Amino acid sequence: MIIFYLCIRNHLFFVFKFCIGMVDVLTKEQRRKCMSNIRSKNTRPEILVRKYLFSQGIRFRVNVKRLPGTPDIVLRKYRTVIFINGCFWHGHEGCKYYVLPKTNTEFWKEKIGKNKERDLKERMQLRNMGWHVVLLWECQLKSKVREQNLKGLLYTLNKIVLENYNAKHID
Numbered sequence: 134m135i136i137f138y139l140c141i142r143n144h145l146f147f148v149f150k151f152c153i154g155m156v157d158v159l160t161k162e163q164r165r166k167c168m169s170n171i172r173s174k175n176t177r178p179e180i181l182v183r184k185y186l187f188s189q190g191i192r193f194r195v196n197v198k199r200l201p202g203t204p205d206i207v208l209r210k211y212r213t214v215i216f217i218n219g220c221f222w223h224g225h226e227g228c229k230y231y232v233l234p235k236t237n238t239e240f241w242k243e244k245i246g247k248n249k250e251r252d253l254k255e256r257m258q259l260r261n262m263g264w265h266v267v268l269l270w271e272c273q274l275k276s277k278v279r280e281q282n283l284k285g286l287l288y289t290l291n292k293i294v295l296e297n298y299n300a301k302h303i304d
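Residue numbers (the numbering used here): 134 to 304.
Right, here's the structure in full:
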């Protein structure tokens, strides 16, 4: 099976082709540069959710550093935070996008395990501070299931608002 990797450097796109089972075709320096270009903020899934919430009249803050875990979206008025996690980086069990690399497996297992532990600790801290925590996965925002899951998010937010704040329904 042939795999293509897309790496972006200085606004230029590089495509690397290799076969599964073969050694990595990138040098360590090329791999480092490619991996360093992976965003942690303003990712496509985050922007999709933010655009949807804004279109529904919901206003929010992004990447609030004062809160544990720097949530992707914060609805202060309703004490609700939303995390939009990448399936690979946060270890989404059972997801087809979470597959450990064949090389350096122990490193990745340990790294992703630490990410999962940190995520759990941060969510518990937020809950102990009285925040509602909503978690969305990257795979839930793929085009085939996006609309259904965004409506589910809106339903969840409405439920939080109605149960905890006796406020009006968010349209």
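For each residue, glycine too, the CB sits at the ideal point set by N, CA and C. Quick caveat: nothing in here was measured; it's all calculated off a predicted structure.
Taking only three categories from DSSP, how would you classify residue i?
| i | result |
| --- | --- |
| Phe-216 | strand |
| Arg-192 | coil |
| Trp-270 | strand |
| Val-294 | helix |
| Val-207 | strand |
Quick check on residue i: buried or exposed, where buried means 16 or more other Cβ atoms within 10 Å of its Cβ?
| i | result |
| --- | --- |
| Phe-216 | buried |
| Phe-193 | buried |
| Val-232 | exposed |
| Ile-180 | exposed |
| Leu-259 | buried |
| Val-182 | buried |
| Ile-135 | Annotation note: pLDDT 49 at Ile-135 (below 50); position unreliable, no value reported. |
Go through its chain and collect everything with a Cβ distance to residue i's Cβ below 6 Å, but skip five positions before and after it.
| i | result |
| --- | --- |
| Glu-271 | Pro-178, Gly-219, Cys-220 |
| Ser-200 | Inspection of the sequence shows that residue 200 is occupied by Leu rather than by Ser. Taken in chain order, the list of residues that qualify is empty. |
| Glu-296 | none |
| His-225 | Tyr-231, Trp-270 |
| Gly-202 | Glu-255 |
Got a sec? Which residues, its chain only, sit under 7 Å from residue i by beta carbon, not counting five neighbours each side?
| i | result |
| --- | --- |
| Pro-234 | Trp-241 |
| Leu-273 | Leu is not the amino acid found at residue 273; the sequence shown has Gln there. Correct list, in chain order: Asn-282. |
| Pro-204 | Val-197, Val-214, Ile-215, Phe-216 |
| Phe-187 | none |
When you compare only the Cα positions, how much space is there between residue i and residue j?
| i | j | result |
| --- | --- | --- |
| Tyr-185 | Val-267 | 15 Å |
| Arg-212 | Gly-285 | 18 Å |
| Asn-175 | Lys-229 | 23 Å |
| Arg-209 | Val-294 | 12 Å |
| Thr-289 | Val-195 | 19 Å |
| Gly-227 | Lys-249 | 14 Å |
| Glu-239 | Val-207 | 34 Å |
| Lys-254 | Val-278 | 29 Å |
| Ser-276 | Glu-162 | 34 Å |
| Met-257 | His-265 | 10 Å |
| Asn-261 | Leu-269 | 20 Å |
| Glu-280 | Ile-191 | 17 Å |
For residue i and chain D, any beta-carbon pair shorter than 8 Å?
| i | result |
| --- | --- |
| Leu-274 | Structure shown: chain D not included; a single protein chain is present. |
Sorted by chain position, which residues of the same chain lie with C-beta nearer than 8 Å to residue i's C-beta, five sequence neighbours on each side aside?
| i | result |
| --- | --- |
| Gly-263 | Arg-212 |
| Lys-292 | none |
| Asp-252 | Gly-202, Phe-216, Asn-218, His-223 |
Given 8 Å, three or more beta-carbon pairs between the stretch 243 to 253 and the stretch 221 to 230: Verdict: yes, contact present.
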